[in-house]
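What follows is a set of notes on a single structure, which appears directly below.
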Ligand SMILES: Nc1ncnc2c1ncn2[C@@H]1O[C@H](COP(=O)(O)OP(=O)(O)OP(=O)(O)O)[C@@H](O)[C@H]1O
Ligand SMILES: [Mg+2]
């Protein structure tokens, strides 16, 4: 049996005294894009923080290629829900930031980041400021910055939600191709069922309402048939009571 790129085993998540989610077990296989869908407030970002090692779960373990990384930051690359570019740095300056923060020499960091601008569809934007780019381009730059955190597992929290509908579809399809090309394994959090069905080979559904005392659980794991994404959309909608 192959070891998943990322695996969560029986996580229990607590925010302050609030029990947010429990018994969360999921995995992302090597080279796979998996989506996690759930209503606003059900605990997606709280789970994201635990998977990224930014918070330690109250219970359970997070494994990276089989290695226990529970509560250890820096082992998976991630993009936070509102991960904006720094307005006072150029696009290149923003992109190379993760390398600089790891103590990599400025010239080397600049060269490594610059080499990836074409792959990320950002050629010619190196010396521009974030305010000079369209929303879609800014998001590509934020994804490039995430990629330069240098891990093969990437977690994205609502990466496309701030974009208009057309750009959102274009960008997520571009992302799927790029992730394949770069050999990434990704967990993408979204509340958009269309997005999950379009992007993921599998979808996990998180449901509950912690603020109302109903702790969230993963209520389903739905496979997506690339030939019939409509079926997956209907199944997920029905499970969330939207049918
Ligand atoms: N930093 C925080 N500030 C306030 N409440 C929080 C915070 N972190 C977690 N919570 C609580 O935990 C629960 C889950 O929040 P979380 O942000 O994980 O939800 P979410 O599914 O990511 O929602 P959204 O789709 O709106 O981003 C919420 O009910 C909230 O009350
Ligand atoms: Mg969130």
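Residue numbers (the working numbering): 691 to 933. Think of the CB as a built atom: it goes at the ideal place given N, C-alpha and C, for glycine as much as any other residue.
For residue i, which residues from the same chain have a beta carbon less than 8 Å from its beta carbon, with the 5 sequence-adjacent residues on both sides left out?
i, result
"residue 881", "727, 728, 729, 730, 734, 848 and 851"
"residue 872", "809 and 837"
"residue 816", "780, 781, 782, 804 and 807"
"residue 870", "721"
Counting only the same chain and skipping the five closest in sequence on each side, list residues whose C-beta sits under 6 Å from that of residue i.
i, result
"residue 749", "702"
"residue 768", "742 and 845"
"residue 699", "715, 750 and 751"
"residue 736", "703, 705 and 710"
Report back the beta-carbon spacing between residue i and residue j to the nearest angstrom; my notes put them in contact at under 8 Å.
i, j, result
"residue 846", "residue 878", "5 Å"
"residue 914", "residue 895", "Residue 914 to residue 895, Cβ: 12 Å. No contact."
"residue 828", "residue 754", "That pair is no contact at about 29 Å."
"residue 905", "residue 712", "5 Å"
Is DSSP giving residue i helix, strand or coil here?
i, result
"residue 769", "strand"
"residue 750", "strand"
"residue 739", "helix"
"residue 900", "helix"
"residue 862", "helix"
"residue 712", "strand"
"residue 912", "strand"
"residue 920", "helix"
"residue 697", "strand"
"residue 883", "helix"
"residue 871", "helix"
"residue 889", "helix"
With a CB to CB cut of under 7 Å and the five nearest residues on each side skipped, what residues in its chain are close to residue i?
i, result
"residue 862", "850, 885, 888 and 889"
"residue 813", "807"
"residue 909", "895, 897 and 929"
"residue 761", "743 and 746"
"residue 921", "915"
Quiz item: Fully enclosed by the segment 812-860, which beta strand (DSSP E) runs are 3 residues long or longer?
Solution: You should have 843-847.
Self-check item: alpha helix (DSSP H) runs contained entirely in the segment 778-806, provided each spans 4 or more residues
Solution: Inside the segment 778-806, DSSP marks whole alpha helix (DSSP H) runs of 4 or more residues at positions 781-785, 787-791 and 796-805, from first to last along the chain.
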